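> Top line first, the protein sequences correspond to chains P and U. In terms of our numbering, the first sequence is residues 308 to 647. In terms of our numbering, the second sequence is residues 308 to 647.
Protein chains: 2
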Amino acid sequence: VLPLDAAVMSAAAERQGELTKPAGALGQLESLSVRLAGITGVCPPSVPARPAVAVFAGDHGVVRSGVTPWPQEVTAQMVANFLTGGAAVNVLARQVGAEVIVVDVGVATPIPPIASERLRSRNVRLGTDDLAVGPAMSRANAEAAVLVGLSIAQDLVDAGHDLLVTGEMGIGNTTPSAALIAAITGLPAADCTGRGTGVNDETLALKTAVIDRAVARCRDLSDGIDLLAEIGGLEIAALAGFIIGGAAAGVPVIVDGVITLAALLVAEQLAPGVSEHVIAGHRSTEPGASIVLDKLGLEPLLDLGLRLGEGSGAVLAIGIVQAAAAILNDMATFNEAGIA
Amino acid sequence: VLPLDAAVMSAAAERQGELTKPAGALGQLESLSVRLAGITGVCPPSVPARPAVAVFAGDHGVVRSGVTPWPQEVTAQMVANFLTGGAAVNVLARQVGAEVIVVDVGVATPIPPIASERLRSRNVRLGTDDLAVGPAMSRANAEAAVLVGLSIAQDLVDAGHDLLVTGEMGIGNTTPSAALIAAITGLPAADCTGRGTGVNDETLALKTAVIDRAVARCRDLSDGIDLLAEIGGLEIAALAGFIIGGAAAGVPVIVDGVITLAALLVAEQLAPGVSEHVIAGHRSTEPGASIVLDKLGLEPLLDLGLRLGEGSGAVLAIGIVQAAAAILNDMATFNEAGIA
C-alpha cells in the first residue's frame, strides 16, 4: 500500500486556509478533507457520490463453547434480512443512497432462498471450528477468505464505487475479534473483551477465559494469516482483504466497530500503512474498538453509543465524509467572497 | 410549550424493542427516535424531508470595546456570502438538501446588494449598543427581535418545513452569548468565555472582564427579555423566538453551537420546557456550549471540534436525525423477519 500523497495533502491544507472561515474552525472536518485528498491523490478530493457497503457474513465454531446467548442460525436469518432490506444497515444506507451487498464468506447454516442482486456467494467453508479448543481454520482457508475480500473491493471499485464501507454479521464474532486485538496488542483479554450483543457476567468471564487460552496458543503473533487461522474468523479475514483492496485502489474505506477494527489490525500486519487510508466511522461501545482506534491513531467521526455492527456506524458517517470533501470543493475563498 | 407526548414516546420505545437488533444496540439513535416521536406527537415519527436552516445575522456594539480581532463589516460580507451560497453552511446544507434562509435582524453595515430569495430583511436596529458600557438595546428592541424569530419559524413551518435548524452570524457574538450563559447559570465569566474565532490571551482577559462587569449590572436574572436587552444580541433574541416557535409548532429544532445554546437558555426562561423539543446538533469547542448542554441535559449528536457557527454543526447533524426516524419507520421487526 502506497503512503498518502504528501504534496496533495499540503495543497489541501493550504486551500483550507483560504476558505471563508477562521482557520481550524471546522475542526475534524478539515483534517478529514486533507486525508481524503491524500488517500485519493486529488485536491480537492471529489465528493464521494457512489458509496457501497459490503457486509461480510460468517459463522464461528466458538459459539459451541457458550460465548453468546444467540443461536448460530441468526447469522443466516440476518443475511436474509439484509437481502430483503429490513436490517438497520439497509435502512441507514438507503438514507444516504449507499448500495449494500452481502458476502457469504462463511455462513454455516442454510441461507433462506431469496433472489437478490445483493448476495455474493463466496463461501470458503461452513463456519470456523471452535477456537476454544483448536485452530479456527487452516491457513489456506484464511488466505482464501482474505482474497474474497480483496476481490470484492476490486469489483466494487471497478463498478464505479468511490467510497467503501465495511460491515459484518456473524453470531459470536466479538470473540475472535477480541482475541485478535489481544494477540496483536499484547493486552490481556479482560481489557479487550466486551459484552457483544448482550452477554451476562458469567458468560463474559467464560468468554474472557476462552480468549486468553486461545491467544496463549498462538505461535507467531506477527503473522496475520497465522492469527486469522488460529483465532480469527472468515468474515474478519475477508474484511482485512477488503480494506487492503480499497486502500490499494486509492478509494477511502470507512471502518465500523470492533469486528472491522480487529480486521484492520490484521490488515495493518499484512500491508503496513493501510490504516492511513482508512476512516474510522464511529467509536463503538465495545472496549476493543477504542483500543484499536488509539493504537492506530484513528479519530472516529461519531460516538453515538452504537454496538450493533453490520456497518451501521460506518454508514452513519458517510454524510460526514461527503461533507468534508464538499467543504474543500465548494466553499468560497476570502478572495472570491471579497472579505478582507 | 406543551410537554413531550409521553404515550407516543412509550409506543416508540416499545417499537424499538421489536426491531431486528439487540435491545439498545443503536444507542443514541434509539433515544433520539423516541424523542422525535414525543416532539412530533407521532409514532413512528416521519422522516424529516424538508429541513430549513435559518441564519440570523446581527451586529454587536461591544466590538468597539475590542473583544474580537475581526472588523464589524465582516458580518455584512458573510451575509453576502450566505446569499451567494459560498459559506460553509451553504455547502453543508446543499449536501443534505436543506434550504438556507438568512434573516437580517440587526446587521449594522450595508449588506451588499444581492438579489436572493434567501434574504429576509427584518432589521430591528443597526446593531446593538456596547454592552460593556450600558444596555445592549431596549426591552422593546429585544421583544421585537424575539418576535422576528417566532414569525420566521412559523413561516417555515407553514411552507412545509418539518425540521428547523438554527444558524447565526455576528462578529463579536460570542461575548453576549457568554454573558447570557454566565448570568443565567451564575458561573463566573472565566468559565463561560472562550476564544471565539481566534482571540489571543490579552483579548480573552479583556473579554472576560467586560462580561463580568456587564453581568454584575443586570438586575433581574430570571427575566429573559431583560437579559437580552442588557447583555444580549439581536440575532440571539431572534434565535430564542425561533426555537420557541418551532417547539410550539411540534417541529424538531436542531441547535448549533454556543450562540444558539445561549439563545436556548433564554428561550427556556421565556418558555419553560422548550429545551425538551430541541436536538443538540454538536458539541462546540467553546466552553459555554458544554455548560449549557450539561445544564439542560442535552446530549449532542456530534463532537467534531467545530467552532464556526453559522449553523454548520447543526446542519451536519441533519442526517443523523433523519437516520433515527428512518430506523423506527423502516426496520423489520423480529416477527416480520422470521428471527427467533
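Heads up, the beta-carbon is just placed ideally off N, CA and C, and yes, glycines get one too. Values in this document were obtained by computation on a predicted structure and should not be read as measured data.
Does U/L608 get closer than 9 Å to chain P when you measure Cβ to Cβ?
It does: the Cβ of U/L608 has a partner Cβ on chain P nearer than 9 Å.
> I need the DSSP call for U/D411, collapsed to helix, strand or coil.
Note: U/D411 maps to strand in three-state DSSP.
> Please name the residue in U/I408, U/P351, U/L399 whose C-alpha comes closest to that of U/V360.
Answer by Cα proximity: U/I408.
> Quick check: what's the CA-CA separation for P/C499 versus P/G373?
Looking at the two C-alpha atoms, the distance is approximately 18 Å.
> U/G616 and U/A544: beta carbons closer than 9 Å?
Contact: no.
> According to DSSP, is P/V354 helix, strand or coil?
Of the three classes helix, strand and coil, the one that applies to P/V354 here is coil, per DSSP.
> Would you please state the rounded distance, in angstroms, between the beta carbons of U/V369 and U/Q379? I believe it to be under 8 Å.
Their Cβ separation, rounded to whole angstroms, is 10 Å, which puts U/V369 and U/Q379 out of contact at 8 Å.
> Okay, do the segment 313-322 of chain U and the segment 343-350 of chain U touch, 3+ Cβ pairs below 8 Å being the bar?
As far as the Cβ criterion goes, the segment 313-322 of chain U touches the segment 343-350 of chain U, which means the pair count is three or higher.
> Would you kindly check if the distance between the Cβ of P/L609 and the Cβ of P/A630 is under 9 Å?
Their beta carbons are not under 9 Å apart, which means P/A630 does not touch P/L609 by this criterion.
> Looking at P/M638 and U/V398, is the spacing between their C-beta atoms short of 9 Å?
Against a cut-off of 9 Å, the Cβ pair of P/M638 and U/V398 comes out as a contact.
> Below 8 Å CB to CB, which residues in the same chain sit around U/P483 once its five sequence neighbours on both sides are set aside?
Excluding residues within five positions, the ones whose Cβ falls inside 8 Å are H367, V369, T435, L438, A443, I538, G539, G540, I543, A569.
> So, P/I532 versus P/A632, is the Cβ gap smaller than 9 Å?
Cβ atoms of P/I532 and P/A632: not closer than 9 Å.
> Just the Cα atoms here: how many angstroms apart are P/A330 and P/R427?
Rounded to the nearest angstrom, the two C-alpha atoms are 46 Å apart.
> Please look up how many angstroms separate the CB atoms of U/G580 and U/V308, rounded, as I've assumed it's under 8 Å.
Confirmed, about 5 Å.
> By a C-beta neighbour count over all protein chains shown, 10 Å radius and 16 as the cutoff for buried, is P/N642 buried or exposed?
Exposed, because fewer than 16 other Cβ atoms sit within 10 Å of the Cβ of P/N642.
> If you draw a straight line from the alpha carbon of P/D601 to that of P/L546, how long is it in whole angstroms?
Cα to Cα, P/D601 sits roughly 20 Å from P/L546.
> By the criterion of Cβ-Cβ separation under 8 Å, what are the contact partners of P/V381 in chain U?
Result: I646, A647.
> Using 9 Å as the limit for Cβ to Cβ distance, is U/M638 near chain P?
Closer than 9 Å: yes.
> Using the beta-carbon of each residue, which ones in chain U are nearer than 8 Å to P/N388?
Residues of chain U passing the Cβ test: T327, A639, A644, I646.
> Does any residue of chain U have a CB that is nearer than 9 Å to the CB of P/T500?
No, its Cβ sits nowhere closer than 9 Å to a Cβ of chain U.
> So, does the segment 517-528 of chain P touch the segment 389-397 of chain P, judging by three or more C-beta pairs under 8 Å?
The answer is no - the segment 389-397 of chain P does not touch the segment 517-528 of chain P, with fewer than three Cβ pairs under 8 Å.
> I'd like the list of long-range same chain contacts for U/I627, defined as Cβ closer than 6 Å, with 5 residues on each side in sequence excluded.
The answer, listed in chain order, is L608.
> Which partner residues does U/G474 have in the DSSP bridge list?
Partner(s): U/V362.
> I'd like to know if P/L272 contacts chain U, where contact means its C-beta is closer than 9 Å to some C-beta of that chain.
This structure gives no information on residue 272 of chain P, because the portion of chain P shown stretches from 308 to 647.
> Would you say P/V414 and P/T473 are within 9 Å of each other, going by their C-beta atoms?
No, Cβ-Cβ distance for P/V414 and P/T473 is not below 9 Å.
> State the DSSP-derived secondary structure class of P/T640, mapped to helix, strand or coil.
In the structure shown, P/T640 sits in a strand (DSSP, three-state: E or B).
> Can you pull the chain U residues whose beta carbon is under 8 Å from the beta carbon of P/V403, in chain order?
Correct list: G626.
> List the residues of chain P whose Cβ lies closer than 9 Å to the Cβ of U/R614, in chain order.
Correct list: P329, G331, A332, L333, G334.
> Among the candidates U/A496, U/V565, U/V396, whose CA atom is the shortest distance from the CA of U/K514?
U/K514 has its Cα closest to that of U/A496, out of U/A496, U/V565, U/V396.
> Verify whether the separation of the beta carbon atoms of P/D530 and P/Q576 is less than 9 Å.
Yes, the pair counts as a contact, with Cβ atoms nearer than the cut-off.
> Would U/A359 count as contacting chain P if we go by Cβ distances under 9 Å?
With 9 Å as the cut-off, U/A359 does not count as an interface residue toward chain P.
> In the DSSP assignment, what residue or residues form a beta bridge with U/I586?
In the DSSP output, where bridge partners are listed per residue, U/I586 has U/I561.
> Who are the Cβ neighbours of P/G501 in its own chain at under 6 Å, not counting the five residues just before and after it?
Once the five neighbours on either side are set aside, the close Cβ partners of P/G501 are E593, P594.
> Closer than 8 Å, Cβ to Cβ, to anything on chain P: give me those residues from the segment 500-519 of chain U, in chain order.
Going along the segment 500-519 of chain U in chain order, one finds T504, G505 with a Cβ nearer than 8 Å to chain P.
> Counting only beta-carbon atoms, is U/P351 nearer than 9 Å to chain P?
Chain P, which has no Cβ nearer than 9 Å to the Cβ of U/P351, makes this no.
> What is the DSSP secondary structure of P/L603, counted as helix, strand or coil?
P/L603: helix per DSSP, three-state reduction.
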